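Visitor:
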Amino acid sequence: MTPVPDGTRRPLAALWHHHRRHRPRVVAAVACSSLNTAADVVPELLLGVAVDVVVRGADSFVATALGVEGRFSQLVVVAVLNALAWVVESASDYAASLLWRNLAQSVEHDLRVAAYARAQDLDVGWHERTPSGQVLSVLTEDVNQLERYLDVGARTILHTFWTVVLVGAVFAASSWQLLLLAFVPVPVIVAGSIAFQRRLEPLYAAVREAAGEVSATLAANIGGLPTIKAFTAEARERARVAAVSEGYRRANAAAIRSSSAFVPLIRMAILAGFTCTLLLGGWFVLEGRLEVGLYSVLVFMTQRLLWPLTDLGQTLDLHQRAMASTRRIFRLLQEQPRSLDGSRALPAPVRGRLELRGVRFGYDSIDGSGPDVLHGLDLVVPAGETHAVVGATGAGKSSLLRLVLRFADPRAGQVLLDGVDVRELTWESLRGAIGYVSQDVYLFHGTVRDNIAYGRPGATDEQVRRAARLAEADGFVSGFPDGYDTVVGERGQTLSGGQRQRIALARAILRDPVLLVLDEATSAVDNETEAAIQRSLATVTAERTALVVAHRLSTIRDADRIWVLARGRVAEAGTHEELVAAGGLYAQLWAVQTGEAAHAARTGASPRLGRP
Ligand SMILES: Nc1ncnc2c1ncn2[C@@H]1O[C@H](COP(=O)(O)OP(=O)(O)OP(=O)(O)O)[C@@H](O)[C@H]1O
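The following block contains the structure:
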């Protein structure tokens, strides 16, 4: 992993450091912009030269310096030089525009991909603590903000810088008094700009934070729209969105108040400089100390020098916004995943023996670490066996599976696969060995086939179908008009909960994993489908290890061993018969469910594990 420079304190330096491969393009772009500004100043100089030709004729600058006789010939020389300057100006403008804009696009692209890759590498826990809208706003708005700045702002700053230098040189060569007068406003403007920049910095940081807040709220609300409607919370949510949007507006208003005051102040300074050059320069001409041609050039030049500085306000604005965004991007890039990739592969042949040794685990919140939810768990699933984990809601079943997949690491103890601590395994080796169906099934927008083949992109149609048959999905998928080419909406919303679960199950089966991890994988299907899936799973799990979390005890009664969790501890373990005979917690749950089953048989309800 390449080290990420600290971009939160010196964002520009961090960008320069982070984008080494673009440096030659930056240099070329700076060179073209500089040439462009130089070529841009030349026509104004030539205007003075033309006035000089008309007024002084044989004594003109062109006559003495280039030895051209006759006023018209001199004017032709001026015209040719002028045309040349325009050609250079246009060509360099084109090249600079091309270079800066493409550079901006490349940097935007690189940063977006790098920031996404970092977000993707961060732990599941980090994403649970950070609103997804915040992350999205960094990946979209903040990255775009920087692109705008590189496209427009950087060019303007360069243009202004070179104009000041070149015009300064012309003044310096003409009259030091005028140089002083014309440049009187410059320190005022620069000092003012720096003061403004300081003032604007926190204001724009607040604007970006508020923008993140808006994105987070919008993303959460759009995602939870059915719930908002079901609870008729529209008015409340509208007010909540209005409140965060108002926060964003206010943050912007504060920044706008400060940044808008900038231009009028600069204009005053410009007026002073311009008036001085006009009066003093005119007086010098009347006194015979300054040529008329040069006077006209200097008056033009004063404008040329000072007006671009008015853009400085807008450019600084863009600069500050971009720096606030860059800081946020680098803050994301600097986040370190807690669970790091291991370096070992599973020793061949992979068997799939799973063991938890003295595992203690708890969730960290933003404020610190939360209480333990698993307390010294010991559990062994020998290779090839199917084990179930049951227990009341909140007992820690999903947390246990999370550790097996290394979505998080234990606070103490070890999770071992084939005797190797999972922290030592590469992601590919660990997760490649596991087929996982989560409690909240996630399907991607795409076809049913793509979703089933997600964990094995090269799978043939026949392999996809076989997995679907085993997961009892083939029947309903074949019934769709487009069959396996049916596009499931975002998150698979066009499917029923049970259909989603079966596609997720097919997806896990197709991966042909050595360890199948199912978290309530059949909770949303009816009893008949459940029984069919059970029969298929018996085939699938015959030659692999399976760890199954289930509330419906009937689905796991054939498991080789059942682990009963209570408040993060193993309360009891054994086969279904042993546990029922033991008359403990499991026996009670079983009694409740079979009682429910008898009741359900009468009423048609589904038997479920009793929840406290
Ligand atoms: N992402 C999380 N952040 C903080 N605490 C969590 C998180 N997920 C679960 N917990 C807490 O950990 C404990 C165990 O939760 P877990 O999801 O493992 O239980 P479970 O047995 O799978 O429950 P269920 O049967 O309802 O799925 C609970 O007290 C829960 O509040």
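Quick note on the working numbering: the sequence shown kicks off at 47 and runs consecutively.
The C-beta atom is built at its ideal place from N, Cα and C for all residues, glycine as well.
Keep in mind that this is a model prediction, so the values were computed, not measured.
What are the complete alpha helix (DSSP H) segments, minimum 4 residues, inside the region 133 to 213?
Guide: Counting only runs of 4 or more, we get 170 to 175, 178 to 183, 189 to 194.
Visitor: Please classify Ser652: is it buried, with 16 or more other beta-carbons within 10 angstroms of its beta-carbon, or exposed?
Guide: Annotation note: pLDDT 44 at Ser652 (below 50); position unreliable, coordinate value reported separately. It is exposed - the Cβ of Ser652 has fewer than 16 other Cβ atoms within 10 Å.
Visitor: Please report the straight-line C-alpha distance between Ser542 and Arg548, rounded to a whole angstrom.
Guide: Looking at the two C-alpha atoms, the distance is approximately 10 Å.
Visitor: Can you determine whether any heavy atom of ligand 1 sits closer than 8 Å to the C-beta of Tyr409, and answer yes or no?
Guide: Answer for Tyr409: yes, Cβ within range of ligand 1.
Visitor: Give a yes or no on whether the C-beta atoms belonging to Leu476 and Leu451 are separated by under 9 Å.
Guide: Closer than 9 Å, so yes.
Visitor: Three-state secondary structure (DSSP) at Pro417?
Guide: Here Pro417 sits in strand by DSSP.
Visitor: Is there at least one non-hydrogen atom of ligand 1 closer than 8 Å to the beta-carbon of Val595?
Guide: Yes, since a heavy atom of ligand 1 falls inside the 8 Å radius drawn around the Cβ of Val595.
Visitor: Taking the alpha carbon of Ala307 as the reference point, which residue from Arg284, Val426, Trp132, Leu362 has its own alpha carbon closest?
Guide: If we check each option's Cα against that of Ala307, Leu362 comes out closest.
Visitor: Touching or not, the region 201 to 216 and the region 81 to 92, by the rule of three or more beta carbon pairs under 8 Å?
Guide: Contact between the region 201 to 216 and the region 81 to 92 is present, because at least three Cβ pairs lie under 8 Å.
Visitor: So is the beta-carbon of Val184 under 8 Å away from any non-hydrogen atom of ligand 1?
Guide: Val184 Cβ: outside cutoff for every heavy atom of ligand 1.
Visitor: Can you look up Glu474 in the DSSP assignment and give me helix, strand or coil?
Guide: Glu474 falls in the helix class under three-state DSSP.
Visitor: Which residues does DSSP list as the beta-bridge partners of Asp565?
Guide: DSSP output for Asp565 lists Val595 as bridge partner(s).
Visitor: What number of angstroms, rounded off, separates the C-alpha of Tyr632 from the C-alpha of Ala612?
Guide: Cα to Cα, the separation comes out at about 10 Å.
Visitor: Quick one: what's Trp609 bridged to in DSSP?
Guide: Bridge partners of Trp609: Val435, Ala619.
Visitor: Looking at C-beta atoms only, is the number of pairs between the region 267 to 276 and the region 389 to 397 that lie closer than 8 Å three or more?
Guide: No, the region 267 to 276 does not touch the region 389 to 397.
Visitor: Quick one: residues in its chain with C-beta nearer than 6 Å to the C-beta of Ser235, no 5 flanking neighbours on either side, listed in chain order?
Guide: According to the sequence as given, residue 235 is Ile; it is not Ser. Correct list, in chain order: Ile312, Ala315, Leu355.
Visitor: If you measure from the CB of Ala266, is any heavy atom of ligand 1 nearer than 8 Å?
Guide: Checking every heavy atom of ligand 1 against the Cβ of Ala266, none is found closer than 8 Å.
Visitor: Return the bridge partner residues of Thr493 from the DSSP annotation.
Guide: Beta-bridge pairing links Thr493 to Val533.
Visitor: For Val435 versus Val586, is the C-beta spacing smaller than 9 Å?
Guide: Contact: no.
Visitor: Since Phe242 is in the alpha helix (DSSP H), which residue starts that stretch and which ends it?
Guide: Start and end: 231 to 269.
Visitor: Could you tell me the boundaries of the alpha helix (DSSP H) in which Gly543 lies?
Guide: Note, Gly543: alpha helix (DSSP H), 543 to 556.
Visitor: Compare the beta carbon distance of Tyr409 and Gly630 with 9 Å and say whether it is the shorter of the two.
Guide: No; because the gap between Cβ atoms is not below 9 Å, this pair is not in contact.
Visitor: Which residue comes first and which comes last in the beta strand (DSSP E) that contains Gly404?
Guide: Residues 400 to 411.
Visitor: Given the structure, does Arg448 come close to ligand 1, in the sense that its CB is under 8 Å from one of the ligand's heavy atoms?
Guide: Yes; taking the cut-off as 8 Å, the Cβ of Arg448 has a heavy atom of ligand 1 nearer than that.
Visitor: Quick one: is the Cβ of Glu174 within less than 8 Å of any heavy atom of ligand 1?
Guide: Yes, the beta carbon of Glu174 sits closer than 8 Å to at least one heavy atom of ligand 1.
Visitor: Let me know if Gly641 comes out buried or exposed under the rule of 16 or more other beta-carbons within 10 Å of its beta-carbon.
Guide: Classification for Gly641: exposed.
Visitor: Going along the chain, which residues of its own chain have a beta-carbon closer than 6 Å to the beta-carbon of Ala285, five neighbours each way excluded?
Guide: Here the set comprises nothing.
Visitor: Excluding the five sequence neighbours on either side, which residues of its own chain have a C-beta within less than 8 Å of the C-beta of Val616, listed in chain order?
Guide: Excluding sequence neighbours, Val616 sits near Leu423, Asp424, Leu425, Trp609, Val610.
Visitor: Sorted by chain position, which residues of the same chain lie with C-beta nearer than 7 Å to Gln223's C-beta, five sequence neighbours on each side aside?
Guide: Closer than 7 Å at the Cβ level, and outside the excluded window around Gln223, lie Leu326.
Visitor: Measure the alpha-carbon distance for Ala59 versus Gln366 and round it to whole angstroms.
Guide: So the two alpha carbons sit approximately 14 Å from each other.
Visitor: Report the residue from Leu246, Leu556, Ala160 whose alpha carbon sits nearest the alpha carbon of Val502.
Guide: First, the amino acid is wrong: residue 502 is Arg here, not Val. Per the Cα distances, Leu556.
Visitor: Taking the straight line between their C-alpha atoms, what separation do you get for Thr372 and Trp62?
Guide: The straight-line gap from Cα to Cα measures roughly 12 Å.
Visitor: Using 8 Å as the cut-off, classify the Cβ of Ser444 as near or not near the heavy atoms of ligand 1, replying yes or no.
Guide: Because some heavy atom of ligand 1 lies under 8 Å away, the Cβ of Ser444 counts as near it: yes.
Visitor: In chain order, what residues of the same chain have a beta carbon less than 6 Å from the beta carbon of Val483, not counting five sequence neighbours either side?
Guide: Cβ neighbours of Val483 beyond the five flanking positions: Ala550, Leu551, Ala554, Leu564, Ala567.
Visitor: Looking only at its own chain, which residues have a Cβ that is under 6 Å from the Cβ of Arg244, when we skip the five neighbours before and after it?
Guide: Here the set comprises nothing.
Visitor: Using only alpha-carbon positions, find the residue among Gln539, Arg590, Asp558, Gly544 that is nearest to Asn573.
Guide: It is Gly544 whose Cα lies nearest to the Cα of Asn573.
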